[in-house]
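What follows is one structure encoded as structure tokens, with my remarks underneath.
Residue numbers (the UniProt record's numbering): 1 to 172.
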């Protein structure tokens, strides 16, 4: 029964002689990797981004006792502290819809982060070119399960677009 948030904070695990509490990505990474491998063993054709989407969209923002996740100060955690929430590998087997990302999505992200065209070509082995303007609008439209809008001004609207794939029943 895997019950932690990525990247992992105060995970309880069995040691050979006693229980211990460990924190950080070095504790969460093997659990999330195991969850991804479990999902891949059932859904052989799913891509890594589909598996990540399934884990994110089926995560819960309550702990295993049903209480809201808290931060290290015991206050209710905000979205930046919880991420998607506690992963639920069994729930992730049937997410209904997934948000698959593409290589182009990741290359756009590198453009937005300021990588040079030469650097991006060396990583991607493609002739990809960044758009002339790598704006917040571009980064907000990367096909990802969560939405982040940089520099959103109060009382201003911004439209974002997502593409989903139905991996559930026909009416999902």
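Glycine is no exception: its CB is placed at the ideal position from the N, C-alpha and C atoms.
A quick note: this is a predicted structure, and the numbers were derived from the prediction, not measured.
- Excluding its 5 nearest sequence neighbours in each direction, residue 79 has no C-beta neighbour in its own chain below 7 Å.
- Under the Cβ criterion (8 Å, minimum of three pairs), the region 127 to 145 counts as touching the region 160 to 167.
- By the CB criterion at 7 Å, residue 128 and residue 89 fall outside the cutoff.
- Counting only runs of 3 or more residues that sit fully inside the UniProt domain "Peptidase S8/S53" (17 to 85), the beta strand (DSSP E) segments are 19 to 22, in chain order.
- Per DSSP, the continuous alpha helix (DSSP H) segment holding residue 109 begins and ends at 103 to 112.
- Contact check for residue 87 against residue 107 fails: the beta carbons are separated by 7 Å or more.
- Inter-residue distance for residue 51 and residue 125 is about 25 Å (C-alpha atoms, whole angstroms).
- The three-state secondary structure of residue 90, taken from DSSP, is helix.
- Per DSSP, the beta bridge partners of residue 166 are 97.
- In this structure, the CA atom of residue 166 is about 9 Å from the CA atom of residue 95.
- Under a 10 Å Cβ-count criterion, residue 68 is classified as exposed, with fewer than 16 other Cβ atoms of the shown protein chains found around its own Cβ.
- Following the DSSP letters along the chain, one finds residue 120 inside the alpha helix (DSSP H) bounded by residues 117 to 124.
- Within the same chain, Cβ atoms closer than 8 Å to the Cβ of residue 164 are found at 97, 98, 99, the five residues on either side in sequence being excluded.
- For residue 138, the three-state secondary structure derived from DSSP is helix.
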